[in-house]
Amino acid sequence: MNIDLSDVKKISQWMESAGKKELSDIIRFYYEKASESEYSALHQLACKARDMYYHGRVYFRGLIEISSYCRNDCYYCGLQRSNLHTSRYRLSEEQILGCCKKGYEIGFRTFVLQGGEDAYYTDLRLCRIIFKIKEKYPDCAVTLSVGERSRESYKKLFDAGADRYLLRHETANEEHYRKLHPLEMSLENRKRCLYYLKEIGFQVGAGFMVDSPFQNYEILAEDFIFLRELEPHMIGIGPFIPHKDTRFAGYYHPSSRHALILLSLIRIMLPKTLLPATTALGTVDKLGQRKGFAAGANVIMPNLSPLEHRADYSLYDNKLYTGLEASEHLTALARNIESMGLVPDFSRGDYVDLKNAGTSLSSGKACGKEKK
Ligand code: SAM
Numbered sequence: 376m377n378i379d380l381s382d383v384k385k386i387s388q389w390m391e392s393a394g395k396k397e398l399s400d401i402i403r404f405y406y407e408k409a410s411e412s413e414y415s416a417l418h419q420l421a422c423k424a425r426d427m428y429y430h431g432r433v434y435f436r437g438l439i440e441i442s443s444y445c446r447n448d449c450y451y452c453g454l455q456r457s458n459l460h461t462s463r464y465r466l467s468e469e470q471i472l473g474c475c476k477k478g479y480e481i482g483f484r485t486f487v488l489q490g491g492e493d494a495y496y497t498d499l500r501l502c503r504i505i506f507k508i509k510e511k512y513p514d515c516a517v518t519l520s521v522g523e524r525s526r527e528s529y530k531k532l533f534d535a536g537a538d539r540y541l542l543r544h545e546t547a548n549e550e551h552y553r554k555l556h557p558l559e560m561s562l563e564n565r566k567r568c569l570y571y572l573k574e575i576g577f578q579v580g581a582g583f584m585v586d587s588p589f590q591n592y593e594i595l596a597e598d599f600i601f602l603r604e605l606e607p608h609m610i611g612i613g614p615f616i617p618h619k620d621t622r623f624a625g626y627y628h629p630s631s632r633h634a635l636i637l638l639s640l641i642r643i644m645l646p647k648t649l650l651p652a653t654t655a656l657g658t659v660d661k662l663g664q665r666k667g668f669a670a671g672a673n674v675i676m677p678n679l680s681p682l683e684h685r686a687d688y689s690l691y692d693n694k695l696y697t698g699l700e701a702s703e704h705l706t707a708l709a710r711n712i713e714s715m716g717l718v719p720d721f722s723r724g725d726y727v728d729l730k731n732a733g734t735s736l737s738s739g740k741a742c743g744k745e746k747k
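In the numbering used here, the protein residues as written are 376 to 747.
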């Protein structure tokens, strides 16, 4: 590899035009060969890229897991419809509004409504919920993450006031997609949905699991190329974690290292993107979310769901739900972020270009450094 890693703009430009072979080589290099100092230089560079646009701010979003019912059978997911060992729940409109009320009072200005693909949430029901949230809290953003729907449906949700939509593409490689999903699902439709969402005007999030079964360097390079083409406003990546009731139970024990490398590379390639330090990252590594911020992440989504249902939104084994990632521990979480020299930010936290925010170099916020 002959690239000068000291200059964020140079490596960013290099990654903007790198081909599949070059991208898979750079990922391989960091997975297999990088020394500890090369590894930490990568993370520092990623923070520099983030701080060019976001000035060390870490945005807080309140996550509300609205339903664990799902019509899909994704092979890796604990919510898959053929999992008969899980207890299912869905939140009523009242419960969702209750979560928003609690979230608003403690400071959140973005609510993320996420769930399995649950037919109960018709356009009408969802639009009503969005409308009511926006009516009560007009200064808040509403993010949806409820899977694949028609273009017409997305348009209705947007018109009702939804601002953002998260839909991980899961993998940009056809063959890989087939190994993770049943025949009735298609990568083509997943990608089409992402383009519809973008066209309609949502701030859109794509993403994938790191170390998912059968993933390899070439597939990851295709993910990077797809992300570069789509240019989403948000990118959700986190470690794949096996779930005991799926075919991938015991697949292998994940660690945070690969996810942290990819977080940094993605940050450098698409520096303006909003990049969460995911709950999955915090599940595989106690310090995972903290390390995520030191690797260039700038979003955290503490859980606002009713406590009695948190254990039932079980995508993978040992998912965190009462620790630092929970909204009940917000003060500790914010302090933790401050101790890294970063700035906890409870504003809507839109994608930087939507507000024409500054593009000058870092305001001097330390990255990943402990406060003395
Ligand atoms: N139904 C919506 C959708 O399809 O986008 C949102 C819910 S879905 C459960 C949210 C994300 O969880 C998926 O996009 C997937 O990447 C992630 N996920 C599912 N199973 C997982 C696992 N075993 N380990 C890590 N992440 C997982």
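Idealized CB from N, CA, C, for every residue including glycine.
For clarity, every value in this text was computed on a predicted model and none was experimentally measured.
Can you tell me whether residue i is helix, strand or coil according to DSSP?
i: residue 720; result: strand
i: residue 581; result: strand
i: residue 641; result: helix
i: residue 589; result: coil
i: residue 495; result: coil
i: residue 506; result: helix
i: residue 482; result: coil
i: residue 662; result: coil
i: residue 521; result: coil
i: residue 488; result: strand
i: residue 463; result: coil
i: residue 701; result: strand
For residue i, which of the options has the nearest alpha-carbon?
i: residue 654; options: 505, 614, 715; result: 614
i: residue 434; options: 668, 683, 695; result: 668
i: residue 597; options: 537, 547, 481, 582; result: 547
i: residue 460; options: 452, 485, 467; result: 452
i: residue 442; options: 729, 687, 725, 473; result: 687
i: residue 607; options: 639, 624, 620, 644; result: 644
i: residue 471; options: 690, 445, 684, 711; result: 684
i: residue 416; options: 670, 680, 590; result: 670
i: residue 716; options: 508, 432, 631, 681; result: 432
i: residue 572; options: 664, 588, 543; result: 543
i: residue 465; options: 496, 447, 438; result: 496
i: residue 524; options: 429, 462, 641, 446; result: 446
i: residue 704; options: 682, 719, 677; result: 677
i: residue 584; options: 575, 610, 566; result: 610
i: residue 336; options: 690, 404, 498; result: Residue 336 falls outside the range modelled here, since the chain spans only 376 to 747, and no answer is possible.
i: residue 537; options: 604, 712, 579, 666; result: 579
Mind checking residue i: buried by the 16 CB within 10 Å criterion, or exposed?
i: residue 388; result: exposed
i: residue 423; result: buried
i: residue 660; result: buried
i: residue 646; result: buried
i: residue 629; result: buried
i: residue 410; result: exposed
i: residue 639; result: buried
i: residue 518; result: buried
i: residue 522; result: buried
i: residue 511; result: exposed
i: residue 399; result: buried
i: residue 457; result: exposed
i: residue 673; result: buried
i: residue 394; result: exposed
i: residue 570; result: exposed
i: residue 565; result: buried
i: residue 494; result: exposed
i: residue 624; result: exposed
i: residue 396; result: exposed
My guess is that residue i and residue j are in contact by the Cβ rule of under 8 Å, so how many angstroms apart are they, rounded?
i: residue 502; j: residue 476; result: That pair is no contact at about 20 Å.
i: residue 552; j: residue 545; result: 7 Å
i: residue 633; j: residue 586; result: 6 Å
i: residue 406; j: residue 600; result: Residue 406 to residue 600, Cβ: 18 Å. No contact.
i: residue 484; j: residue 722; result: 6 Å
i: residue 506; j: residue 535; result: 5 Å
i: residue 695; j: residue 724; result: Rounded, the Cβ-Cβ distance is 22 Å, inconsistent with contact.
i: residue 438; j: residue 487; result: 5 Å
Answer with yes or no whether the minimum CB distance from residue i to chain B is below 7 Å.
i: residue 602; result: Absent here is chain B; the protein component of the structure consists of one chain.
Please find out if some non-hydrogen atom of ligand 3 comes closer than 6 Å to the beta-carbon of residue i.
i: residue 543; result: Summarising the ligand content, the structure contains ligand 1 and does not contain ligand 3.
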